[in-house]
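Numbering (full-length UniProt numbering), first residue to last: 1 to 220.
Have a look at this one:
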């Protein structure tokens, strides 16, 4: 595999995202820096960030597949190749383990490598359900992790449907961005996100109910 890129003083052009035309003007890359052209618009800058994030996720899959192939075909030499490439073996092993759990047809392009890694230990059907849910609701990695943790606390590895009643607990579908804000607030408060949400809702309910006018006879 190779990227078509022009060179300029040891730099190359940032490869275009598959399926998209390259932004003009182009960002130039070196091994240690990005070189932005003049008059680079916000949209171009944002698109570049998405592209870099996509390359980072893709590279984890690529390295995992690379290690699997090398171990299969060059078992007597692949460790030497890893050392020559100056790559961390344990990190590569993690990439290879996740890549080995997911054939290419099961990998979701709309989700990052880390999304897949979070649930790689589950069986195929459960992984498929979680990936579909995360993709449909645009979950962050943190949101997926919390959802899996909650499901395990209820004795299952299968995601519940939105607004499903499970063991007396009402489960609500929430945008990932909102859950991330709650998680940040809980981290700042030094408590678990579920504790923070419960305490915040209880406090809000008390404030609202305190403003409720009392009915004659002391009833409410």
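Note that CB positions come from ideal geometry on N, CA and C, so glycine has one too.
1. Report buried or exposed for residue 187, applying the criterion of at least 16 other Cβ atoms within 10 angstroms of its Cβ.
2. Measuring alpha carbon to alpha carbon, tell me which residue in 149, 158, 140 and 152 is nearest residue 181.
3. Using 7 Å as the threshold, is the C-beta distance between residue 108 and residue 135 below it?
4. If you draw a straight line from the C-alpha of residue 212 to the C-alpha of residue 206, how long is it?
5. So residue 104 is in the alpha helix (DSSP H); what residue range does that whole segment cover?
6. Return the residue from the list 196, 93 and 40 that minimises the CA-CA distance to residue 65.
7. Taking only three categories from DSSP, how would you classify residue 163?
8. With 16 as the cutoff for other CB atoms within 10 Å, does residue 95 come out buried or exposed?
9. Select from 133, 137 and 178 the residue whose C-alpha is nearest the C-alpha of residue 158.
10. Tell me which residue opens and which closes the alpha helix (DSSP H) that residue 69 is part of.
11. Report the CB separation of residue 291 from residue 121 in whole angstroms; it is logged as a contact under 8 Å.
Taking the definition as stated:
1. As a working note, residue 187 is residue 187 in the chain shown. The residue is exposed, with fewer than 16 neighbouring Cβ atoms inside 10 Å.
2. Working through the chain shown from its first residue, we reach residue 181 at position 181. Among 149, 158, 140 and 152, the Cα nearest to that of residue 181 is on 140.
3. Residue mapping note: residue 108 aligns to position 108 of the chain shown, counting from 1. Residue mapping note: residue 135 aligns to position 135 of the chain shown, counting from 1. Yes, they are a contact pair.
4. Locating residue 212 in the chain shown gives position 212, where the first residue counts as 1. Locating residue 206 in the chain shown gives position 206, where the first residue counts as 1. The alpha-carbon atoms of residue 212 and residue 206 are separated by roughly 10 Å.
5. Here the question's residue 104 lines up with position 104 in the chain shown. Element bounds for residue 104: n/a, residue is neither H nor E.
6. On the chain shown, residue 65 is found 65 positions in, with the first residue counted as 1. Taking only the C-alpha atoms, the option nearest residue 65 is 93.
7. Taking the chain shown and counting its residues from 1, the one referred to as residue 163 is at position 163. Here residue 163 scores only 47 on pLDDT, less than 50, and its place in the model should not be relied on; the value that follows carries that caveat. Here residue 163 sits in coil by DSSP.
8. In the chain shown, the residue the question calls residue 95 occupies position 95. It counts as buried.
9. To locate residue 158, count along the chain shown from 1; it is residue 158. When each option's Cα is compared against that of residue 158, the closest is 133.
10. For the purposes of this step, residue 69 is identified with residue 69 of the chain shown, where counting begins at 1. Where residue 69 is concerned, the enclosing alpha helix (DSSP H) stretches over 42-73.
11. Residue 291 lies beyond the residue range present for the chain, which begins at 1 and ends at 220; the question has no answer from this structure.
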